[in-house]
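K.L.:
According to our numbering, the sequence shown holds residues 158 to 289 in order. Sending over a structure as structure tokens; questions will come in a sec.
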Amino acid sequence: MMQMETVSTRLTETVEDVRPIRMADDHRWALAEIDRYVAEEPAVGTPDGNRFEVLSILIAAHEERTFPIAEADPIEILQFAAMGHAPAELGHPLGSRARASEILSRKSPLTLARIRIISEAWHLPIAVLAAP
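Structure (structure tokens):
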């Protein structure tokens, strides 16, 4: 019986001073509110802990709707990974700098064999390089 009372109590708890995030002002407000908890995250199940959790969920949902992140294609991922590296660093596992340049400029395809070589040499997941 005690367990049922605990569940019932949890379901009836309310979170104070929380509102939907619809506009940029609401988003700024929610971020400022959650900032209060950054230095020390409140304990789960406490009023502050519940408020922190609800605000986090609302902020995440709003940001997913408002600021969608497009998936990068494999060449973009490879270009990003190549930043700060000399062309020879990608060219070496592929056999030549020219081949690496052709792949990065989309003049030569990123074949499965090349994906495996790059994945092993640069420690990139095959799945991100083989994505459609």
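Where a beta carbon is used, it is the ideal one built from N, C-alpha and C, also for glycine.
Just to confirm my understanding: we take V172, look at its own chain, exclude 5 residues before and 5 after, and list those with CB closer than 6 Å. What are they?
P.N.:
Here the question's residue 172 lines up with position 15 in the sequence shown. Within the same chain, V172 has close Cβ partners N207, R208 and V211.
K.L.:
Can you give the Cα-Cα distance for V201 and E220, rounded to whole angstroms?
P.N.:
Position 44 of the sequence shown holds residue 201. Position 63 of the sequence shown holds residue 220. Rounded to whole angstroms, V201 to E220 spans 23 Å at the Cα level.
K.L.:
Specify the secondary structure class of M158 as computed by DSSP and reduced to three states.
P.N.:
In the sequence shown, residue 158 corresponds to position 1, counting from 1. Unreliable positioning characterises M158 in this predicted model, as indicated by a pLDDT of 47, which lies under 50. A coordinate reading is not provided.
K.L.:
Let me confirm a value: I283 is counted as buried when at least 16 other C-beta atoms fall within 10 Å, else exposed. Which label applies?
P.N.:
The residue labelled residue 283 in the question sits at position 126 within the sequence shown. The residue in question, I283, is exposed, as its Cβ has fewer than 16 Cβ neighbours within 10 Å.
K.L.:
If I'm right that L247 touches A255 with Cβ under 8 Å, what's the distance once you round it to whole angstroms?
P.N.:
Counted from its first residue, the sequence shown places residue 247 at position 90. Counted from its first residue, the sequence shown places residue 255 at position 98. 11 Å between Cβ atoms; not a contact.
K.L.:
Give the C-beta separation of L281 and A229 to the nearest angstrom, bearing in mind that I take them to be a contact with Cβ-Cβ under 8 Å.
P.N.:
For the purposes of this step, residue 281 is identified with residue 124 of the sequence shown, where counting begins at 1. For the purposes of this step, residue 229 is identified with residue 72 of the sequence shown, where counting begins at 1. Not quite, the Cβ-Cβ distance comes to about 12 Å (not below 8 Å), so this is no contact.
K.L.:
Kindly indicate which three-state DSSP category R179 falls into: helix, strand or coil?
P.N.:
Taking the sequence shown and counting its residues from 1, the one referred to as residue 179 is at position 22. Coil.
K.L.:
Below 9 Å between beta carbons: does that hold for A227 and I178?
P.N.:
The count along the sequence shown starts at 1 and reaches residue 227 at position 70. The count along the sequence shown starts at 1 and reaches residue 178 at position 21. For A227 and I178, no; Cβs fall outside 9 Å.
K.L.:
Using C-beta distances below 6 Å, list every residue in its chain close to V175, excluding the 5 sequence neighbours before and after it, in chain order.
P.N.:
Reading the sequence shown from its first residue, position 18 is the one you call residue 175. For V175, where only same-chain residues beyond five positions count, the Cβ hits under 6 Å are V211.
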